[in-house]
Amino acid sequence: MLGRSLLVRSGSFRVENLGQNALSLITNLCFSAFVLGVLIFTIIAATYEPEDPLFHPSTKLTNFLVSTSNATFKSDESVIKTGEDFVTPNQTVFLEFLNVTDVSLPPTAMGVPSECESELDKPIDCSNRDIFHLMMTAAIEQFQDIHFYRFGRPVPGTNSSTCHMAWRFRPKDGKTATFYKDYRSFVISLSKNCTYSVVGIGNYHSGKHARKKKKNQNVFEKAPPKQEENAVSFPEVGETVNDTLPVIESESSFSRGKYLIYSGGGDRCKNMNQYMWSFLCALGEAQYLNRTLIMDLTLCLNSKYTSSGQDEEGKDFRFYFDFEHLKESASVLDQTQFWEDWGKWQKKDGLGLYLVEDFKITPMKLSDVQDALIMRKFGSVEPDNYWYRVCEGETESVIQRPWHLLWKSRRLMDIVSGIASRMNWDFDSVHVVRGWKAKKRELWPHLAEDTSPEALISSLQEKIEDGRNLYISTNERDTSFFDPLKDKYSTHFLDDYKDLWNENSEWHTETAKLNNGNPVEFDRYMRYSVNTEVFLRGKKQIKTFNDLTSDCKNGINTCPPSP
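First residue of the sequence shown? That's 1 in full-length UniProt numbering, and the numbers climb one at a time after it.
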C-alpha cells in the first residue's frame with residue numbers, strides 16, 4: 001500500500017509519461033553535444049595558424065637563415081642564393097594555366113572562305129581578334145615546356161607582316177616561385193585561299209613593341225603597404241624595371257619621418273655574403289623600429305669577383321639586387337638624397353640626431369627614441385665593427401632578417417630567362433667546381449669527389465638520358481675540358497650566351513644608364529648569380545662535389561683536418 005502511494009505521488013514514473021521523459025532526455029543530450037562541438041571548434045579556430053595558401057615553409061630557408069653567434073659564412077661562393085631562391089611554391093596555385101583547348105581557332109585560320117583578295121597587299125591587322133587567337137594557339141603549340149598564364153594584346157611589329165605579342169608564363173617543371181614574361185615577333189601570312197597562318201616566331205624578347213613601359217613612380221612614401229606576416233611575393237622576370245631612386249616630395253614629409261643609418265664599419269669590400277648578412281641586419285632593425293633605412297647604394301666589390309684582382313669601389317647596388325622590389329616592399333632612401341635634405345631642413349625644423357657607438361646597445365633599447373635620426377657609428381676594430389654584430393646575442397630572437405626583400409637584379413634574371421628560353425626550358429643541369437675544389441682531393445680525399453670528364457660521364461650516365469640539353473654551371477673557363485661529354489649530351493655553358501650581356505644587349509644599355517653612361521663589367525659575382533639561377537632551373541640538377549670545404553683558403557670557412 002505504501003509503495004503504491006509513492007508511485008502515485010511521483011507522477012514522473014507513470015507509464016504514460018515514460019516516452020515523454022525519454023524524448024526530453026535525448027533532446028538534452030543532443031543539445032549538450034552541439035554546445036560542446038561549438039566550443040571545440042571555437043578553440044581550434046582561435047589557436048590554429050594555417051599554412052600560407054601559396055607557399056609552404058621551406059626547411060632550406062630556415063637552415064640557411066639561422067644566425068650563429070660568430071656569424072661564420074659557410075655558404076659556397078660559387079652558388080649565389082638570395083631570398084627568392086628559398087621560396088617553395090605550392091604547385092596547386094599554378095594549375096590554372098592556358099591550354100590550346102582554351103583558345104578557339106579563328107575561322108580564317110581554318111580556311112573558311114571569305115572575300116580577302118583586296119586584303120592580300122594590306123598590312124596585317126594585329127588588333128583583329130582572329131589574329132590574336134591564331135598567335136596564342138601558335139605559341140602554345142610551339143613552346144610545350146612552359147605553362148602560359150596570360151597573353152597581352154598583339155601590337156603592330158616592325159613591318160607590315162609582323163605582330164608583337166607578350167605573355168606571362170612558368171616552366172612546366174619549374175622549381176622556383178617565379179613568373180616570367182616574354183614578348184616575341186610573329187610573322188603572319190594571308191594566303192590566296194583566305195587563310196591566316198603563323199609562318200615564324202622570333203627569338204626571346206624579339207617583340208619589343210609589346211613590352212609595356214612602367215610609369216616613373218619615384219616619390220618616396222614613408223610607410224609602404226604592409227603585407228601579411230606570412231605573405232611572400234615572388235618576382236616577375238621580363239617586366240620593365242623601374243629602380244629609380246625615391247625622392248621625398250616635401251619638407252613636411254621629410255620632417256615627419258623617422259630614420260636609421262649605419263655609418264662606417266669593417267664590412268666594406270668584404271665578400272658579398274657578409275655584405276648581405278650585415279645589410280639585412282640593418283634593414284631588420286629599421287623595420288623593428290618602424291624607421292626608414294638610409295642606405296648607401298654604392299658598393300665595394302671584393303677582389304675575388306673582379307677581373308683586376310683588386311677591390312673596386314663605386315659599384316651600384318642595382319647591378320646585383322632588385323632595388324625596385326626593395327623600395328616597394330620596405331621603407332628605404334639613398335643616403336646622398338637624405339643628407340641633401342637633412343642639410344636643408346635639419347636646423348630649420350629642429351630635427352634631432354641620436355648617436356649610438358656601441359653595437360651592444362640593442363634595438364630594443366632604442367624603441368623609445370624620439371629623435372628624427374638614429375645613427376649607429378661603427379669603429380675601426382674588427383670584428384666588433386661589423387654591422388651584423390648588432391643582431392647577435394639577445395637580439396637574434398627579436399630581429400628577423402627580411403630575406404624576402406632581397407632579390408637578385410631582374411636584369412640578371414632576364415639573362416637567366418634568356419638562356420633557359422634558348423634551350424626551350426627543356427634541359428638538365430650539373431654544377432662542377434674546378435680549381436681549388438679540384439685540389440682538395442689531394443688534401444682531403446675523404447671529402448672530395450672526382451670532377452674529371454671521365455668521372456662526370458660515369459656519374460651522369462645513370463642520371464641523365466643521352467641526347468639531353470645539359471647546362472654545365474662551372475667556374476672552369478676552358479670549356480674544352482668538358483668536350484668528352486659532347487658525345488652523349490648537347491652541352492651548354494654561360495659563355496655560349498655572351499650576346500645577352502655584350503655591348504649590343506639590353507643589359508649593357510640599361511646598366512650603363514645606371515653608371516653615368518659608362519659600360520659595366522659583367523663581373524664574377526654576376527657570373528656566379530646567373531650560373532646559379534640557370535642551374536636551379538634544370539629539370540634534373542646534379543652536383544658533383546662536396547660543399548664542406550668550399551672557400552676555406554679565403555678565410556670564409558675553416559678547412560677540415562687531414563685524415
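Every residue gets a Cβ at the ideal spot worked out from N, C-alpha and C, and that includes glycine.
Return the chain-ordered list of same chain residues with a C-beta closer than 6 Å to the C-beta of residue i, the five sequence neighbours on each side being excluded.
i, result
"residue 533", "416"
"residue 315", "299 and 301"
"residue 277", "388"
"residue 239", "181"
"residue 67", "Confidence at residue 67 is low in this model, with a pLDDT of 38, below 50, so its placement is unreliable and the value that follows should be read with caution. Excluding residues within five positions, the ones whose Cβ falls inside 6 Å are 396."
"residue 156", "126"
"residue 382", "266"
So what does residue i bridge to, in DSSP terms?
i, result
"residue 329", "Residue 329 pairs with nothing; no bridge assigned."
"residue 183", "166"
"residue 262", "376"
"residue 241", "Answer is none; residue 241 lacks a bridge partner."
"residue 298", "316"
"residue 198", "188"
"residue 292", "259"
"residue 236", "179"
"residue 154", "Beta-bridge pairing links residue 154 to no other residue."
"residue 146", "171"
"residue 334", "295"
"residue 469", "490"
In angstroms with no decimal places, state the Cα-to-Cα distance between residue i and residue j.
i, j, result
"residue 191", "residue 412", "42 Å"
"residue 272", "residue 302", "7 Å"
"residue 204", "residue 391", "44 Å"
"residue 33", "residue 24", "14 Å"
"residue 525", "residue 306", "8 Å"
"residue 159", "residue 543", "47 Å"
"residue 174", "residue 426", "10 Å"
"residue 522", "residue 369", "43 Å"
"residue 260", "residue 168", "38 Å"
"residue 126", "residue 143", "21 Å"
"residue 236", "residue 514", "21 Å"
"residue 455", "residue 206", "40 Å"
"residue 340", "residue 284", "25 Å"
"residue 420", "residue 432", "19 Å"
"residue 275", "residue 312", "14 Å"
"residue 82", "residue 402", "11 Å"
"residue 351", "residue 280", "26 Å"
"residue 578", "residue 255", "Residue 578 cannot be examined here, being either before or after the span of the chain that is shown, 1 to 563."
"residue 292", "residue 332", "5 Å"
"residue 200", "residue 461", "36 Å"
"residue 374", "residue 177", "36 Å"
"residue 75", "residue 135", "Confidence at residue 75 is low in this model, with a pLDDT of 44, below 50, so its placement is unreliable and the value that follows should be read with caution. About 45 Å."
"residue 480", "residue 414", "27 Å"
"residue 193", "residue 120", "10 Å"
"residue 250", "residue 325", "24 Å"
"residue 265", "residue 288", "21 Å"
"residue 422", "residue 202", "11 Å"
"residue 145", "residue 517", "38 Å"
"residue 189", "residue 459", "49 Å"
"residue 468", "residue 379", "55 Å"
"residue 464", "residue 485", "12 Å"
"residue 183", "residue 130", "19 Å"
To which residues of the same chain is residue i closer than 8 Å at the C-beta, ignoring the five residues directly before and after it?
i, result
"residue 290", "258"
"residue 179", "149, 168, 169, 170, 234, 235, 236 and 237"
"residue 128", "none"
"residue 508", "501, 502, 519 and 520"
"residue 321", "82, 406, 407, 408 and 409"
Looking only at its own chain, which residues have a Cβ that is under 7 Å from the Cβ of residue i, when we skip the five neighbours before and after it?
i, result
"residue 384", "359"
"residue 434", "451, 474, 475 and 476"
"residue 494", "527, 530 and 531"
"residue 309", "303"
"residue 394", "362"
"residue 482", "453, 472 and 491"
"residue 172", "145, 146 and 147"
"residue 282", "262, 293 and 387"
"residue 367", "289"
So residue i and residue j are in contact, right, with Cβ under 8 Å, and what is the actual spacing, rounded?
i, j, result
"residue 153", "residue 132", "7 Å"
"residue 377", "residue 357", "5 Å"
"residue 186", "residue 243", "The Cβ separation is near 31 Å, so there is no contact."
"residue 335", "residue 296", "5 Å"
"residue 488", "residue 466", "5 Å"
Practice problem: Return the chain-ordered ranges of every beta strand (DSSP E) run that is complete within the segment 473-556 and spans a minimum of 3 residues. | Solution: Those beta strand (DSSP E) runs which fall completely within the segment 473-556 and span 3+ residues are 490-492 and 541-543.
Quiz item: Of all the beta strand (DSSP E) runs that stay within the bounds of the segment 407-437, which reach a length of 3 or more residues?
Solution: Taking 3 residues as the shortest admissible run, the segment 407-437 contains the following complete beta strand (DSSP E) segments, listed from N- to C-terminal end: 428-432.
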